[in-house]
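Participant: The sequence shown lines up with residues 0 to 320 when you count with numbering that gives the first Met the number 0. For every residue, glycine included, the Cβ atom is placed at its ideal position computed from N, Cα and C.
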Amino acid sequence: MNLRFRKYSWQLASSSIRDIRQRVFVEEQQVPPELEWDDTDEIADHYLAVDDSNTPVATARLFSTMEETGYIGRMAVLPEYRGRGAGDALLRHLLAESTGRFQELKLSAQQHATGFYQRFGFHICSDIYDDAGIPHLDMRCLAPTLASHPGDQRAKPLILGEDSESWLFGDESTMLELMDSLVAQAGQRIWLYDDVLDHGLYDRYPLRELISAVARRHRLSEVRILIHDDKPLVKRRHQLVELMRRLTSRIELRLVNTDYPMENQPFLLADREGVLYRHDFNKPEGFANFANPGRVKLMEEAFQRMWDAGRGSLELRELPL
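As structure tokens, then:
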């Protein structure tokens, strides 16, 4: 099915947008009208998908409350067009529209539709909750640029434990999208090895919040940070160091013992399946795997050897909170 997309403000929106939502949500799914029509419509961009004969097929809205995060909502395909790729085409268009505009996309998915959104790089980030009598889960995509072009062979791109193909990167922005996507999905463990805790890579508020969530998620959660040099952290405040000192039982930092064998490439491990690996300490070049337990096991063993031989940082302990 060939579709074209039209973008409207609510004030100038085609009546077809309201008609599709009325038919799908209010009539078919029995959503109360007072819940379907809300103030968000006034601030959102509304998208209408039409076929070659200009017949309306599907609609969705996209809005932001913070410029870094975009929210997709009210996505609906008319019953007679379902199963023909209309939903895929619309969501891919929304991802393309978000590229370069949002660092993160969020949406509230009906429980039965989570698999659909996972095919486009969205992962579940909440427990089930009720919305208008329908079970929902929150989902997010931290790499909309990558998710908009995942390749034909990726059934669930960027999904931890599911996406078994490698993602190659050669620039910092792509590397950070992959890093954040891995950390966000970790259920219990993040192990990070690098020469320094570079401020450009790791001293970022979004990463701090993601790591904080991992550290607080489970009583056995652990975040281990293993570096060669802590002097840059002493000279300049670092968000991860501040977080570490507030969650001392969940986040620990050690320095490599140079008298023992060391790895020559930095890496990050997420649970027992995800890895981000750089070929050089000073270059944003390498690969990420979201479902490669064999590789993770080998790197886990190397990390554990260095960790056991490492030592704590006396300088960081003495820094005031």
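Met261 by DSSP, collapsed to three states: which one?
Facilitator: Met261 falls in the coil class under three-state DSSP.
Participant: In whole angstroms, give me the CA-to-CA distance for Thr257 and Val76.
Facilitator: Approximately 60 Å between the Cα atoms of the pair.
Participant: Please return the same chain residues whose Cβ sits closer than 7 Å to the Cβ of Glu176, not counting the five positions on each side in sequence.
Facilitator: Correct list, in chain order: Leu141, Ala142, Thr144, Leu145.
Participant: Let me confirm a value: Gln184 is counted as buried when at least 16 other C-beta atoms fall within 10 Å, else exposed. Which label applies?
Facilitator: With 16 or more other Cβ atoms within 10 Å, it is buried.
Participant: For a test of the three-state rule: what should DSSP assign to Glu221, helix, strand or coil?
Facilitator: If DSSP states are grouped into helix, strand and coil, Glu221 belongs with the strands.
Participant: Between the stretch 98–107 and the stretch 57–77, do three or more beta carbon pairs fall short of 8 Å?
Facilitator: In short, these stretches touch, since the Cβ pair count reaches three.
Participant: If we count the other Cβ atoms within 10 Å of its Cβ and call it buried at 16 or more, is Leu219 buried or exposed?
Facilitator: So Leu219 counts as exposed.
Participant: Could you spell out where the alpha helix (DSSP H) holding Asp179 opens and where it closes?
Facilitator: Per DSSP, Asp179 belongs to the alpha helix (DSSP H) from 171–184.
Participant: Measuring straight from C-alpha to C-alpha, what distance separates Ser147 and Ser312?
Facilitator: When rounded, the distance between both Cα atoms is 42 Å.
Participant: Assuming Val255 contacts Gly309 (C-beta within less than 8 Å), just tell me the rounded distance between them.
Facilitator: Indeed they touch by this definition, with Cβ atoms about 6 Å apart.
Participant: Report the rounded CA-to-CA distance for Ser172 versus Glu284, giving the unit in angstroms.
Facilitator: Rounded to the nearest angstrom, the two C-alpha atoms are 11 Å apart.
Participant: Go through the stretch 16–90 residue by residue and report every complete run of the alpha helix (DSSP H) that reaches 4 residues or more, in order.
Facilitator: Those alpha helix (DSSP H) runs which fall completely within the stretch 16–90 and span 4+ residues are 32–35, 39–42.
Participant: Answer yes if the stretch 155–171 comes into contact with the stretch 262–273, meaning at least three C-beta pairs across the two stretches below 8 Å, and no otherwise.
Facilitator: Touching, per the Cβ criterion.
Participant: Are three or more beta carbon pairs between the stretch 113–123 and the stretch 189–198 nearer than 8 Å?
Facilitator: At 8 Å Cβ cutoff, the stretches do not touch.
Participant: Between which two residues does the beta strand (DSSP E) containing Asp137 stretch?
Facilitator: Start and end: 133–140.
Participant: I want to know whether the stretch 24–32 touches the stretch 53–61 - three or more CB-CB distances under 8 Å.
Facilitator: No: fewer than three Cβ pairs fall under 8 Å.
Participant: Within a Cβ cutoff of 6 Å, which residues of the same chain sit near Phe280, ignoring the five residues on either side of it in sequence?
Facilitator: Closer than 6 Å at Cβ, skipping near neighbours: Asp194, Pro265.
Participant: For the beta strand (DSSP E) that Arg277 lies in, which residues bound it at each end?
Facilitator: That run of the beta strand (DSSP E) goes 273–277.
Participant: Please say whether Trp190 and Phe302 have beta carbons closer to each other than 8 Å?
Facilitator: Cβ atoms of Phe302 and Trp190: closer than 8 Å.
Participant: By the three-class DSSP mapping on this structure, what secondary structure does Leu313 have?
Facilitator: Note: Leu313 maps to helix in three-state DSSP.
Participant: Quick check: what's the CA-CA separation for Ile42 versus Arg253?
Facilitator: Rounded to the nearest angstrom, the two C-alpha atoms are 47 Å apart.
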